[in-house]
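Trainee: This is the structure I want to talk about, given as structure tokens.
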Amino acid sequence: MTNTAFNSTSNSTINNIPALNTGVSEDSLRIVSSSPIGNEQVSDEELRPNALEGFIGQPLLKAQLQLFLDAAKLRDVPPDHMLLAGPPGLGKTTLAMIVANELGVSIRVTSGPAIQHAGDLASILSSLDTGEVLFIDEIHRLPRAAEELLYIAMEDFRVDVMVGKGPGASSIPLTLPRFTVVGATTREGMLPSPLRARFGFTAHLDFYPHEELEKLVNRSSNVLGIKLVDQAAKELAVRSRGTPRIANRLLRRVRDWAIVHNLKEVDKESVIEALALYQIDTQGLDRLDIAVLKAIVCQFNGGPVGLNNLAAMVGEESETVETVCEPYLVREGFLIRTPKGRVATSKAWQHLGLEPPSNVSEIA
Numbered sequence: 016m017t018n019t020a021f022n023s024t025s026n027s028t029i030n031n032i033p034a035l036n037t038g039v040s041e042d043s044l045r046i047v048s049s050s051p052i053g054n055e056q057v058s059d060e061e062l063r064p065n066a067l068e069g070f071i072g073q074p075l076l077k078a079q080l081q082l083f084l085d086a087a088k089l090r091d092v093p094p095d096h097m098l099l100a101g102p103p104g105l106g107k108t109t110l111a112m113i114v115a116n117e118l119g120v121s122i123r124v125t126s127g128p129a130i131q132h133a134g135d136l137a138s139i140l141s142s143l144d145t146g147e148v149l150f151i152d153e154i155h156r157l158p159r160a161a162e163e164l165l166y167i168a169m170e171d172f173r174v175d176v177m178v179g180k181g182p183g184a185s186s187i188p189l190t191l192p193r194f195t196v197v198g199a200t201t202r203e204g205m206l207p208s209p210l211r212a213r214f215g216f217t218a219h220l221d222f223y224p225h226e227e228l229e230k231l232v233n234r235s236s237n238v239l240g241i242k243l244v245d246q247a248a249k250e251l252a253v254r255s256r257g258t259p260r261i262a263n264r265l266l267r268r269v270r271d272w273a274i275v276h277n278l279k280e281v282d283k284e285s286v287i288e289a290l291a292l293y294q295i296d297t298q299g300l301d302r303l304d305i306a307v308l309k310a311i312v313c314q315f316n317g318g319p320v321g322l323n324n325l326a327a328m329v330g331e332e333s334e335t336v337e338t339v340c341e342p343y344l345v346r347e348g349f350l351i352r353t354p355k356g357r358v359a360t361s362k363a364w365q366h367l368g369l370e371p372p373s374n375v376s377e378i379a
């Protein structure tokens, strides 16, 4: 049976599960993390399209958003508030920037964690210009007091400013110009109903199929000045976990590899060699993913195994395994969650180059 994982998963080494607990968030170290790493958001700027026409993927969302924005421009009024929901790395920030560009207005950028007090948000709101876009990333992480302030601002375009302190303090209403909030969230279910109800346009971004990611990689390679040939873009796409941010990150690492090796063009074999250095296999699995699969298959005979036992076996926190590693493994059919614990599927066994038992769980 063909071994589609890294070479390190041969039978002689398959029980050698690496200890991964470094005291640093594992997701912040993973090249396949869908969250930004370091100053990556700055380097992403050059790859962002300025208009919906140049945004690759999400065709239904694009059509809905184009109609929504065109109607607002024809009515000559700021559009309703917008909520963009979906996993990290799919383009929510890019779409917020595009909204402002399409409307021909400026954009103010902040995030839920950056607003610690209601006064922080009041300061931003009171300085907005007419028609301006206020982009709030991770809006589900706004503190409660700031949420309540935002309700009024979004609904009535005013904020109540407290003057003075103690018993003598008074509230003075401050009228705001019409503006548009664009909220982004990876946890839509955590948004309070009153806040969700104030968004007139809500869209959910989905993971990208390989074909769309291949188009995105080709576009990004042109921007970065990288010549991809011989299905190199396709090879990058299939390893990018359905996520544009990961695709662009892997493309940059392949670019680095090509520069060091003095290559004028990058082919499929070059991509394979470059990503092997980072232990990214043919399915986009990395060291942590493989460690989890090895633990279930080799130490627990395929499972079921409880989360805490599994995390201890790979030397990671339970939360890291559950929130960082498992979602992709479950989505791609390598792992299923049962009431008794995690179970490796036949696809997981085969990916490790092993014959699955006859009673192994299958995913339809």
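When the sequence shown is numbered by our numbering, its final residue is 379 and no position is left out of the sequence of numbers.
C-beta atoms are modelled at their ideal positions from N, C-alpha and C, and glycine is treated no differently.
If you scan the segment 252 to 302 from start to end, which runs of the alpha helix (DSSP H) of 4 or more residues do you find wholly inside it?
Mentor: DSSP runs (the alpha helix (DSSP H)) wholly in the segment 252 to 302: 259 to 275 and 283 to 292.
Trainee: If you count every other CB in all the chains shown that lies within 10 Å of the CB of I295, and 16 or more means buried, which is it?
Mentor: Answer is buried; the Cβ neighbour count reaches 16.
Trainee: Counting Cβ pairs, one atom from each stretch, are 3 or more of them under 8 Å apart for the segment 228 to 246 and the segment 203 to 218?
Mentor: Touching, no.
Trainee: Thinking C-beta only, is L110 closer than 7 Å to L99?
Mentor: Going by C-beta atoms, L99 is nearer than 7 Å to L110.
Trainee: Determine the extent of the alpha helix (DSSP H) in which T109 is found, giving its start and end residues.
Mentor: Where T109 is concerned, the enclosing alpha helix (DSSP H) stretches over K107 to L118.
Trainee: In the DSSP assignment, what residue or residues form a beta bridge with T190?
Mentor: DSSP lists R173 as partners of T190.
Trainee: So A129 is in the alpha helix (DSSP H); what residue range does that whole segment cover?
Mentor: From DSSP, A129 is part of no alpha helix (DSSP H); its letter is neither H nor E.
Trainee: Give the DSSP-derived three-state secondary structure of E55 in the structure shown.
Mentor: Confidence is the limiting factor: at E55 the pLDDT is only 47, short of 50, which leaves the residue's position unreliable, though a coordinate-based value still follows. Note: E55 maps to helix in three-state DSSP.
Trainee: Can you list, in chain order, the residues of its chain whose CB lies under 8 Å from that of F172, leaving out five sequence neighbours each side?
Mentor: Counting only Cβ-Cβ distances below 8 Å, and skipping sequence neighbours, we find T190, L191, P192, R193 and F194.
Trainee: Alpha carbon to alpha carbon, how far is S361 from P371? Give it in angstroms, no decimals.
Mentor: When rounded, the distance between both Cα atoms is 5 Å.
Trainee: Taking C-alpha atoms, which residue in L300, R357, P224 and P342 lies nearest to L322?
Mentor: For L322, the nearest C-alpha among the options comes from R357.
Trainee: For R260 versus Y343, is the C-beta spacing smaller than 7 Å?
Mentor: For R260 and Y343, no; Cβs fall outside 7 Å.
Trainee: Identify the continuous alpha helix (DSSP H) that holds D152 and give its terminal residues.
Mentor: Per DSSP, D152 belongs to no alpha helix (DSSP H); it is in the beta strand (DSSP E), V148 to D152.
Trainee: Going by beta carbon distance, what residues of the same chain come within less than 6 Å of A363, once the five residues before and after it are set aside?
Mentor: So the list reads L308 and F349, once near-sequence residues are dropped.
Trainee: Distance check for A115 and V238, CA to CA, integer angstroms please.
Mentor: So the two alpha carbons sit approximately 22 Å from each other.
Trainee: Closest to R264 by CA distance: which of G104, F216, E147 and S142 is it?
Mentor: Nearest C-alpha to R264: G104.
Trainee: Does the segment 236 to 255 come close enough to the segment 284 to 298 to have 3 or more Cβ pairs within less than 8 Å?
Mentor: Yes: at least three Cβ pairs fall under 8 Å.
Trainee: Would DSSP call R357 helix, strand or coil?
Mentor: Of the three classes helix, strand and coil, the one that applies to R357 here is strand, per DSSP.
Trainee: Going by Cα to Cα distance, which pick from R346, G146 and L67 is closest to V92?
Mentor: Nearest of R346, G146 and L67 to V92, Cα basis: G146.
Trainee: Assuming M328 is part of the alpha helix (DSSP H), what are its boundary residues?
Mentor: M328 -> alpha helix (DSSP H) spans L322 to V329.
Trainee: To the nearest angstrom, report how far apart P188 and D152 are at their CA atoms.
Mentor: Distance between the alpha carbons of P188 and D152: 26 Å.
Trainee: Considering only the alpha carbon of each residue, which of Q365, L140, A218 and H366 lies closest to A78?
Mentor: Cα-wise, what sits closest to A78 is A218.
Trainee: Please state whether the Cβ-Cβ distance between I241 and R267 is less than 7 Å.
Mentor: Against a cut-off of 7 Å, the Cβ pair of R267 and I241 comes out as no contact.
Trainee: Below 7 Å between beta carbons: does that hold for V329 and A359?
Mentor: No. Outside cutoff.
Trainee: Mapping the DSSP letters down to three states, classify G204 as helix, strand or coil.
Mentor: DSSP places G204 in helix when its eight states are reduced to three.
Trainee: The ligand SAM and S333: does the residue's C-beta get closer than 6 Å to at least one heavy atom of that ligand?
Mentor: In terms of ligand content, the structure shown is empty, and the ligand SAM therefore cannot be addressed.
Trainee: Where Q298 and P224 are concerned, what is the direct C-alpha to C-alpha distance, given to the nearest angstrom?
Mentor: Near 13 Å, if we compare the C-alpha coordinates of P224 and Q298.
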